[in-house]
Amino acid sequence: MSEFKTNCYECKHPISIQGCDGPLIDSNDIQNLDASLYEDVMKTDRILELASSDTQDTQVLCMNCLNQLISSLQKRIQEENDTKLLLENQLEIFSQQLEEDSSEDSTEEQIEELKSKIMEYKLEIKAQNNEFKSVQKDLNELVQKEQEFWKEASALEIKLLDFEESNAEVAQRMKIAEEELSLLNRINVLNEIFYISSENQFGTISGLRLGRLDSEIVSWEEINAAWGQCVLLLSTLSRIKGFKSAQCNLYPLGSFSRIAPVHDDSNRFELFCSDTAFAKMIGRFNTAQQYYLDCLLELSLLMETEDQGLSLPYKIENHKIGQIPIKLDIGNKENWTRALRFMLQNLKYLLLRCIRD
1172 MSEFKTNCYE CKHPISIQGC DGPLIDSNDI QNLDASLYED VMKTDRILEL ASSDTQDTQV
1232 LCMNCLNQLI SSLQKRIQEE NDTKLLLENQ LEIFSQQLEE DSSEDSTEEQ IEELKSKIME
1292 YKLEIKAQNN EFKSVQKDLN ELVQKEQEFW KEASALEIKL LDFEESNAEV AQRMKIAEEE
1352 LSLLNRINVL NEIFYISSEN QFGTISGLRL GRLDSEIVSW EEINAAWGQC VLLLSTLSRI
1412 KGFKSAQCNL YPLGSFSRIA PVHDDSNRFE LFCSDTAFAK MIGRFNTAQQ YYLDCLLELS
1472 LLMETEDQGL SLPYKIENHK IGQIPIKLDI GNKENWTRAL RFMLQNLKYL LLRCIRD
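Counting from 1172, one number per residue, gives the positions in the sequence shown under my numbering.
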């Protein structure tokens, strides 16, 4: 073999080698390489051969560059081996999973199961779509109702403002009415209608004298009218107090008023008289006066149970008032007139008590 000098193809460093035939890299080393690495080595070797054929000098690599090339190739070999090992492991895992899946269910069964699930999902989606449409419809209705509500609310607010204005006016009118009512309460109607007073020796009711004197003859028309007012007033007070006499019933009929015992209501005694029928009527007239006095006493006793401070000005007992019998005789006109005046005072006292309550 001949020895010659040349430069390294890669680093251009001068080297001295002996001539050789065949490839620049041993074929045994090439066969041990991976396929992809083998291609890279063959390409490198082919390049060196071509470079040598184009020139008179042989193109070679120095030991350092060759070692670097071999180191690089070995590194790639190691990487490829690692990759190969990783792929083999993955393949084994995949094969195991495939075997497990095959042992549990066939592919066709899985497909059918998936189809069934898909169908269920489609039905569920359809139901949800229907529900969504229903909810959307309800929402639209609610929006419509809300708009109607606000329209009604606006109308009601306008009505409320009108009402408040009217209410203020009504309140003002009510205030005026209450003031007028307070004034009327102070001027009681009963006291105005049944005004009881006295005139000389006579007691009067509504301006009518009740009684008769030898010195001053009062007509029976005036006496009868005065008794009519007395019966009406006693009946009114009894109704106000919720009182019903246990002894007699009152019949206020103006100048022809009557009074009857409870046990014999058809026998109604006259609280009126006349000069022409005096002798015939005087007995029944006096009985009627006594019944009236008894009824007045009953009402006063009832009112005393409600008002412990109540006490009649003139005591009533045994058809007498202030120890004077309420009875008309030809010779006792003055006593009769005085008894009637006492009776009117008691009646006025009960009237004022009712007004106060």
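Think of the CB as a built atom: it goes at the ideal place given N, C-alpha and C, for glycine as much as any other residue. Computed from a predicted model, the values in this text were never measured in an experiment.
Touch test, the segment 1437 to 1450 against the segment 1373 to 1387, Cβ-Cβ under 8 angstroms, three pairs minimum: No, the segment 1437 to 1450 does not touch the segment 1373 to 1387.
Are the segment 1469 to 1484 and the segment 1339 to 1351 in contact at 8 angstroms, needing three or more beta carbon pairs? Flag = no, the segment 1469 to 1484 and the segment 1339 to 1351 do not touch.
If you draw a straight line from the C-alpha of L1467 to the C-alpha of L1405, how long is it? The straight-line gap from Cα to Cα measures roughly 7 angstroms.
Residues sharing a beta bridge with Y1422, DSSP: Answer is R1429.
Please return the same chain residues whose Cβ sits closer than 8 angstroms to the Cβ of I1492, not counting the five positions on each side in sequence. Once the five neighbours on either side are set aside, the close Cβ partners of I1492 are L1464, Y1485, K1486, A1510, F1513, M1514, N1517.
Nearest-angstrom Cα separation, counted from L1523 out to K1412: Taking the Cα positions, K1412 is about 13 angstroms away from L1523.
With DSSP run on the structure shown, which of helix, strand or coil describes C1179? DSSP places C1179 in strand when its eight states are reduced to three.
When DSSP builds the beta bridges, which residues end up paired with F1373? Looking at the DSSP output, F1373 shares a beta bridge with E1370.
Quick one: using the 10 Å Cβ neighbour count with 16 as the cut-off for buried, is L1521 buried or exposed? Buried.
Neighbour-count burial assignment, G1382, 16 or more Cβ in a 10 Å radius: With a 10 Å radius around the Cβ and a threshold of 16 neighbouring Cβ atoms, G1382 comes out buried.
According to DSSP, simplified to helix, strand and coil, what is F1365? Look at F1365 here: in three-state DSSP terms it is coil, with no helix or strand label.
Checking 9 angstroms against the spacing of the C-beta atoms, do I1497 and N1362 come in under that value? Contact flag unset, no.
Buried or exposed: where does I1388 fall if 16 or more other Cβ atoms within 10 Å of its Cβ makes it buried? Its Cβ having fewer than 16 others within 10 Å, I1388 is exposed.
Could you compute how far the alpha carbon of H1184 sits from the alpha carbon of C1233? Rounded to the nearest angstrom, the two C-alpha atoms are 7 angstroms apart.
Helix, strand or coil for D1435, going by three-state DSSP, please let me know. It is helical.
Checking the sheet assignment: what are the DSSP bridge partners for D1440? It should be pointed out that residue 1440 corresponds to Phe in this sequence rather than to Asp. Bridge partners of F1440: I1430.
Residues in the same chain with beta-carbon distance under 6 angstroms from M1452, minus the five sequence neighbours each way, listed in chain order, please. Excluding sequence positions up to five before and after M1452, its CB lies within less than 6 angstroms of the CB of C1444, all in the same chain and listed in chain order.
Cα separation between S1305 and S1287? One C-alpha to the other measures close to 27 angstroms.
In angstroms with no decimal places, state the Cα-to-Cα distance between C1179 and C1236. Their backbone Cα atoms lie some 8 angstroms apart in a straight line.
Span separating the alpha-carbon of N1503 from that of R1410: Each residue's alpha carbon lies about 34 angstroms from the other.
Between which two residues does the beta strand (DSSP E) containing L1381 stretch? Residues 1379 to 1381.
Give me the Cβ distance between Q1418 and V1402, rounded to the nearest whole Å; I'm assuming they're in contact under 8 angstroms. No, Q1418 and V1402 are not in contact; Cβ-Cβ is about 15 angstroms, not under 8 angstroms.
From F1414 to E1350, what distance separates their C-alpha atoms? Roughly 32 angstroms separates the two Cα atoms.
In this structure, what does DSSP give as the bridge partners for K1491? According to the DSSP secondary-structure assignment, K1491 is paired through a beta bridge with E1488, P1496.
Cβ-Cβ separation, G1454 to S1426 (assumed contact under 8 angstroms), whole Å: Between G1454 and S1426 the Cβ distance is about 20 angstroms, and since that is not below 8 angstroms, they are no contact.
Under the rule that 16 or more other beta-carbon atoms within 10 Å means buried, what is Q1268, buried or exposed? The residue in question, Q1268, is exposed, as its Cβ has fewer than 16 Cβ neighbours within 10 Å.
Using a Cβ-Cβ distance cut-off of 9 angstroms, determine whether M1452 contacts chain B. The structure shown contains no chain B, having only a single protein chain.
Mapping the DSSP letters down to three states, classify I1388 as helix, strand or coil. Coil at I1388, not helix or strand.
With respect to the alpha helix (DSSP H) encompassing Q1155, which residues constitute its N-terminal and C-terminal limits? The question about residue 1155 has no answer, for the chain in this structure spans 1172 to 1528.
I'd like to confirm the pairing. Which residues does DSSP put opposite I1186 in its beta bridges? Answer by DSSP bridge pairing, in chain order: T1177.
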